[in-house]
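Heads up: the structure comes next, in C-alpha cells.
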Amino acid sequence: MTGCRVLSSKKWLVGVFLLQACSSESPVSSLSSPEEQWLSNIAAATDTVDSSYPPNPIEFSTQLSAKTSRFSLRGIFTFPNAAPTGSVDQNQNLSLVQGGVIASLDRVSIRQGGDIVEKPSQWSYEHVLRSSILVDAVANSALLSDQIVSIEPTSTVQRAALNLAGATDNQLWVANNSVSIDSIVFSPPERCSASYQWQLELSATLRVRLEFLVDGCPQVQSVGGYSRWQVGGLIAKGFLDELENFEVVSSSPVEAKVWFSHGWGEVPSVGGAVVLDTLSIDIGQQRRLDISRSRRRSGRGPETVSASLLDQDGMSRTIELIWKDGDERLAATSGNQYPSQITLSSAEEGIDLRVQIMNRAIESDTGFGNSLNVPVVVSGSHAGAGFLNYVAINNTSP
Amino acid sequence: MYKLIITLLCVVTLTACRDEPSAQSEQLPEAEVDARADDQSGFSQILDSPLSESSSVKKWPNARFSSSGVIPEYLQREGDVELGRKALLEEAYVSCGIPERVFRQLLPADNAPLGVDGRHERAEGLPYNFNVVTNDDGLSIVTSNCLTCHATKLFGELVVGLGNEFLDFTADASKPVERAGALVQGDAEIAAWELYADRINTIAPYIKTSTVGVNPANNLTFALIAHRRANDNTWSNQPLLPLPPTDVPPVSVPPWWRMAKKPAMFNLGEGRRDHARIMMAASMLCTDSFAELEEIDQYAPDIRAFIASLEPPEYPFPVDTVLANTGREVFDRTCSQCHGSYGDEHAYPARLVPLDVVQTDSTLVDFALGDGVPYIDWFNQSYYGQLSTAAPGAGYVAPPLDGVWATAPFLHNGSVPTIGMLLESTTRPRYWKHAVSDLSDPESYDQQHLGWQHDVLDSGKASAADVAIYDTDLPGYANSGHRFGDHLGDDERAAVIEYLKTL
C-alpha cells in the first residue's frame, strides 16, 4: 500500500487535487493547519531512508524554521546509503494559474566524495561542492542569481555576482530581502515513480507549495559509476500563500511547469586529456542554455561544443552553437589567464550573445585542476545570467 | 604447396587465376579486352588503363582497371574458419582505440550491451562490435571491429555478416571521441587516446554522411590512404594525396556470405586477387608499420575463411512453395544470366555489368575512374598490392542473391527500399525513410515486397533538414537503372519475389 503511504504524507493536498483515492485515509478535515502538516511531513521525510538505493532519488530537506528573507543552506541534504558522490539538480518554473511567472528556480548541488557521514543518508553542507541558484522573480522583476562553492578542506565560499547577493559560512542569500528560498522537501517513497512535494519561501510574506507526480521511471543515463535521469514536461499544482506574521492570510491556486532530474553515484574525475568548460545561462522566458566545450590539454585537435536549450517545459534539445573566447584576458593570481568575455552564436536559433564575466578572476581548485568558477551576465539577442566554469589549460592533469 | 605456387604465379603475372575452374567458366570464350564490345560473356580483365583513357591516368602508373564481363576466380590463401572467428573478435587489427577503463565507464550501467559468444573473458560485457586488446604500452584498449558495419541484430539475434543498414554516420565522428578524452588519466591512457583521437579527427570530415543508414567506408579508406606513404605504410599528418570529397557517396554494406561465391570484392569488382590482404585495409586507421601489418597478415586468411564460410539467415516467414517454383522459372529465364542459379546445382557467373547496361547511379564508377585513381595507384604499390590488386570496373557486379531477403535497402547505394520496388522501377519512391530504427520486431519486415517498413515522403531534404530522409535527388543517391524486372507481369514478379525468399 505504498500509494497510501505517499498520500498520507501529503494530506494537505488531498482535498484539493484528489490525487489518488485511498479509502483508509482520514479525511482532510481532521488535519491541523497546513503549516503543521508540512512540518510533520518534513520530519517524516528526513527519517525515511530507502535502502533500495540506487537509484532511489535522494531525500532532500532543509529546515523550515527560519522565516527569514534569506535563503539558507543550513539544511541537510540527505542521500540514502551515502553514495560516495551525488548531485541533484532541479528546476521549476512557477506560474500563476492566471498567468504570469512568479519564479524560476534552478539549483545544482554537487557533493564531493569523502567521509561517509554518520547517518547513511546525510549530505552535510561541508560536502557541498557547488550549489547554484537562479531566481527569476516577479517580486522585483529582476534576475537574481547566486552561487556558492565550497571546497574541502578550505571551504571557500565564493561571493555571488550582480552585487545582489551575499554569502557567509553556511548561508547563501539573495539580497533585497525580497526573495528567499527556505525549504525544499521531497520525499519519494519509490525509486522514481513518485509524487513530490515542494515548498518555496519566496519572501517573508510569500510562499509556494507544490506537488507533482513523476509517473514511471525515466531512462537512466550513466557515465562510469554516475547515473542520472531527467524528466520534463511535468505540471505541478499547488498554492501561493500570502503570509502575515507567518500566518496564511490568503491562498490562491498556482500551477507550475517542472522538470526534474536526479543523479547519483561517483562523479568520474574529468580533465585528463581534455578539459570541459561549462556554461549554464538563463536566457529569459524560462529557457536555459547548457553548454559545454571540450579542449585538449595538448592544444591539438578540435574544440567541440555541445549545447542544449531547455525550454519552459523542461524539454531539452541539442542545438548547434559556436563558442568564441574574446581576446581580452583576465589574469588570476596564479598567473592563469582567462577570457573576460565570450560570444555565443547560433544563426539557426537566433542566438547571438555576449557573455560577460562578473567577478575578477577568482580561481578555485575543484580537485580537477584550477578553474575559473564565476557568475556571468549575458546580453545581445537575449538578456540573462548564469555561471561559467572555465578550466585553466596549463594545469598538470590530475 | 601446389596452391601456394599458383598463388605466387598469379601474383607475379597479374593474370587471372582460378582455383578450380568451374564448368560454366570453361564454356566461356576467351577474355576480351574491350568491355564496350563485351557481349556479357567475356572475362573481366585487369587493364592498365580505363577504357576511355583520360590524361590523368598516365600520372598514376600503378592504377589498374577492370573490363566488364565474368570476373575470374583467384586462389585464396587457406585459413581456419574457427581461428578466423576468434581473430575477428579478439585481435588488434584495428590497433588504436579508447582505454578500456574509460570505455567501460561510458557503457550504460543499467542494461548490458549486446555481446557475442565464444570469445575471451577479457571481452566480457563489451558490445559485439568492440575488441579489447593490449597496446604497445601494455595498456588495455577497446577498438572497434568489423562487425560495427558487418553485423546486425535481426529479430533479436545478432547476425554476423549482415550489413548494418541503420548506422548513423551523420554526426561529427570526432565529437564523442574528444569528449571521452575528458575521462582518460595518466600518460599511457592519454597517449593511447590521443593517437586514436587524432586519427578520428583527421578522417571525421570524410565520413560524415548526409543520410542515416548509408555507409562511408570507401571514403574512410581513401582519407586514410591520403595520409599514408605507400612504400612503408607510415603516417603523415599532412595529406600526401588529394583528399576525398566531403560529400560522402552513399554505399550499402553487402552481406559477408556473398564472399562464398564472389571472386572479387566490392561493388565495382575492384578487390582482385588475395581477399585476406584487401580486408586488412580495415587496419589502416592506426597500423603504421610493415611489422604490424605482417602480424595481422598471419591471421587475415583465417578471417577470410570465416567470412567465406558464413551462410545467410533463412527466411523466417511462410513461403508459398508452388508460387516460388513458378518464380524460379521466371528467374532462371530473366535474372540468372547475371545473378546465377541456386539450389543443388548452383552457379554464379560473377559478372561485372557495364554501367550502360545496368544504368544505376554512376557516382562510384565516375569517382573510381576519375578523382579516385590516385588511391588505386597507391593501393597497388602498397603492402596491400603485394598480394592483391585494386582494379575498379566501369560498372557494377551483379551480386549473388543468397539471403537477399535480409539485405534491404537495395542496390549498391541502398536507394531502393524493397525488392518489389526494385523489380518495378516506376514504384520506387523518390523520397523515403525507414519506419523503424532497428530490426528487433518481425513486424518491421514487409513480407509482400521484401524490405524493411518505410515511409514514402512527398518531399526531400530540400524542404526538411532531416538526416533520416533518403533523397534520391542528391548526387550518388539516385535510384535509377536495373529495370530488368519492369517487363514482368504482376504475377511473374510476385512469383520471382516468392522465389527470392528461398535463396
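Listed in order, the protein sequences are those of chains A and B.
Just so you know, we're using this note's numbering here: the first sequence kicks off at 541 and counts up by one.
Just so you know, we're using this note's numbering here: the second sequence kicks off at 2 and counts up by one.
For glycine and all other residues, C-beta sits at the position ideal for the given N, C-alpha and C.
Using a Cβ-Cβ cut-off of 7 angstroms (strictly less than) and excluding sequence neighbours within five positions of residue i, which residues of its own chain qualify?
i	result
B/S69	A36, D39, S45, L353, V354, P355, G394, A395, G396
B/S460	Y432
B/K434	H455, D456, L458, A469, I470, Y471
B/G115	Reading off the sequence shown, one finds Leu at residue 115 of chain B, where the question assumed Gly. Same-chain partners within the cutoff: P128, Y129, K154, L159.
B/R329	Y500
B/P240	A227, H228
B/S481	Q360, T361, D362
B/L402	H340, L501, L504
Go ahead and pull the three-state DSSP assignment for residue i.
i	result
B/A469	coil
A/W863	strand
B/N130	coil
B/K176	helix
A/S762	strand
B/N216	strand
B/D491	helix
A/G926	strand
B/V117	coil
B/P375	helix
A/R828	strand
B/W61	coil
B/P355	strand
B/K154	strand
B/G396	strand
Would you say residue i reaches chain A, if we count a Cβ-Cβ gap shorter than 7 angstroms as a contact?
i	result
B/V185	yes
B/I99	no
B/G182	yes
B/E179	yes
B/A198	yes
B/R494	no
B/P109	yes
B/S175	yes
B/I208	no
B/W194	yes
B/I191	yes
B/N202	yes
B/Q387	no
Let me see if you follow: with CB-CB separation under 7 angstroms, is residue i close to chain B or not?
i	result
A/A932	no
A/G812	yes
A/T818	no
A/F858	It should be pointed out that residue 858 of chain A corresponds to Thr in this sequence rather than to Phe. No, because no Cβ of chain B sits closer than 7 angstroms to the Cβ of A/T858.
A/T873	no
A/S885	no
A/S848	no
A/S834	yes
A/S762	yes
Using CA atoms only, rank isn't needed, just tell me which of the options is closest to residue i.
i	options	result
B/I297	B/Y384, B/G139, B/L127, B/V457	B/Y384
B/F332	B/G157, B/F307, B/A495	B/A495
A/D755	A/G812, A/L774, A/S880	A/L774
A/I831	A/G778, A/I933, A/W863	A/W863
B/E1	A/V810, A/L849, A/E787, A/G772	Residue 1 of chain B cannot be examined here, being either before or after the span of chain B that is shown, 2 to 504.
A/A872	A/L912, A/M855, A/V916, A/E889	A/L912
B/P302	B/G344, B/A277, B/T288	B/A277
B/G43	B/I191, B/C339, B/F318, B/L370	B/C339
B/L286	B/W258, B/R200, B/P401	B/R200
B/N202	B/A283, B/A193, B/A174, B/A391	B/A174
B/G187	B/T427, B/G157, B/R102, B/N146	B/R102
Less than 6 angstroms between C-beta atoms, sequence neighbours within five positions excluded: which residues of the same chain meet that for residue i?
i	result
B/A93	V134
A/V918	I821, L893, V895, G924
B/L440	L155
B/L269	A369, P393, G394
Which residues in the same chain have their Cβ closer than 8 angstroms to the Cβ of residue i, if we skip the five residues on either side of it in sequence?
i	result
B/T171	K209, T210, S211, T212, V213, V468
B/S1	Outside the shown range of chain B, which is 2 to 504, sits residue 1 of chain B, and nothing can be said about it.
B/W406	Y316, I420, L451, L501, K502, L504
Determine, using beta carbons only, whether residue i comes closer than 7 angstroms to chain D.
i	result
A/G841	Absent from the structure: chain D. Protein chains present are A and B.
- What alpha helix (DSSP H) runs, 4 residues minimum, are completely inside the region 85-109 of chain B? 101-107
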